[in-house]
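A.B. asks: Numbering (the UniProt record's numbering), first residue to last: 1 to 201. Virtual Cβ for every residue (Gly too), placed ideally from N, Cα, C.
1. Using the three-state DSSP reduction, which class does residue 36 fall into: helix, strand or coil?
2. Just to confirm my understanding: we take residue 81, look at its own chain, exclude 5 residues before and 5 after, and list those with CB closer than 6 Å. What are they?
3. How close, in whole Å, do the beta carbons of residue 126 and residue 87 come, if the pair is a contact with beta carbons under 8 Å?
4. CB-CB under 7 Å to residue 189, same chain, minus the five flanking residues each way: which ones, in chain order?
5. Look at the alpha carbon of residue 70 and the alpha carbon of residue 103, and state the distance between them as a whole number of angstroms.
6. Quick one: what's got a C-beta closer than 8 Å to residue 12's C-beta in the same chain, skipping five residues either side?
7. Alpha carbon to alpha carbon, how far is residue 166 from residue 90?
8. Helix, strand or coil for residue 91? Go by DSSP, reduced to three states.
9. Assign residue 49 to buried or exposed, taking buried as 16 or more other Cβ atoms, counted over all protein chains shown, within 10 Å of its Cβ.
10. For residue 176, which of helix, strand or coil comes out of DSSP?
11. Using 10 angstroms around the beta-carbon of residue 114, count the other beta-carbons present and answer buried if the total reaches 16, otherwise exposed.
12. Where does residue 136 land, buried or exposed, given buried means 16+ other C-beta within 10 angstroms?
13. When the distance is taken between beta carbons, is residue 152 closer than 7 Å to residue 158?
14. For a quick check, are the C-beta atoms of residue 164 and residue 56 less than 7 Å apart?
15. Are the beta-carbon atoms of residue 98 and residue 43 separated by less than 7 Å?
16. Any idea if residue 96 is buried or exposed, counting beta-carbon neighbours within 10 angstroms, 16 or more meaning buried?
17. Which of helix, strand or coil does DSSP assign to residue 115?
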């Protein structure tokens, strides 16, 4: 019984430690991803050759897995869950784009492929941090495989659309996490200040 209590206490402490560091790490990582997202979109568009739209605003294919509306208007747990599930969907989309590029003859050392792989790794790191921030672990939801897209031009438009939506989504993530971190710091300051006042003679 005593051993179980100690183990439970250790798990709770580990969980608190995880959440306390994950907030700042997530905000910093989201800012980094956002700063690189526009370059990633431009690199993708430039690699598609002549005849392809030179503005991501023209990439409007139907892609699933992105939230509808402003996630920052949601309550914190719901917002974090939405971020987590969207990041898992983005990982699936990135896998599809990488496979399409490989099928089109892009070598693994191509700058676009390399930038996508780095972004994909960071997306998974961010998803792990967001999962850590949740007080209740998110339910395991199986991300459905991507629908096969026929036609090279449609595949290119799909990739461009995913990266455009990815960039727009990160703007919301950065705003939401900044508010989340700021609120926690304010609460921590108020609690610390109150505790100091209680210790005064």
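C.D. replies: In brief:
1. Annotated three-state conformation of residue 36 is helix, per DSSP.
2. Non-local beta-carbon contacts of residue 81 in its own chain, meaning distances under 6 Å to residues more than five positions away in sequence, involve 138 in chain order.
3. Right, the Cβ-Cβ distance comes to about 6 Å (below 8 Å), so this counts as a contact.
4. In this predicted model, residue 189 has a pLDDT of only 35, less than 50, meaning its place in the structure is not dependable; the value taken from the coordinates is given anyway. Answer for residue 189: no residue qualifies.
5. If you take the alpha carbons of residue 70 and residue 103, they lie about 35 Å apart.
6. With a pLDDT of only 40 at residue 12, under 50, the local geometry of the prediction cannot be trusted, and the value read off the model is given with reservation. So no residue of the chain qualifies.
7. Looking at the two C-alpha atoms, the distance is approximately 7 Å.
8. Assignment of residue 91 by DSSP, reduced to helix, strand and coil, places it in the helix class.
9. Exposed.
10. If DSSP states are grouped into helix, strand and coil, residue 176 belongs with the helices.
11. Counting the other CB atoms within 10 Å of its CB gives residue 114 a total below 16, which places it among the exposed residues.
12. Answer is exposed; the Cβ neighbour count stays below 16.
13. In this structure, residue 152 does not lie closer than 7 Å to residue 158 by Cβ.
14. At a Cβ-Cβ threshold of 7 Å, residue 164 and residue 56 count as neighbours.
15. In this structure, residue 43 does not lie closer than 7 Å to residue 98 by Cβ.
16. In the assembly as shown, residue 96 is a buried residue. Its beta-carbon has 16 or more other beta-carbons within 10 Å.
17. Residue 115: helix per DSSP, three-state reduction.
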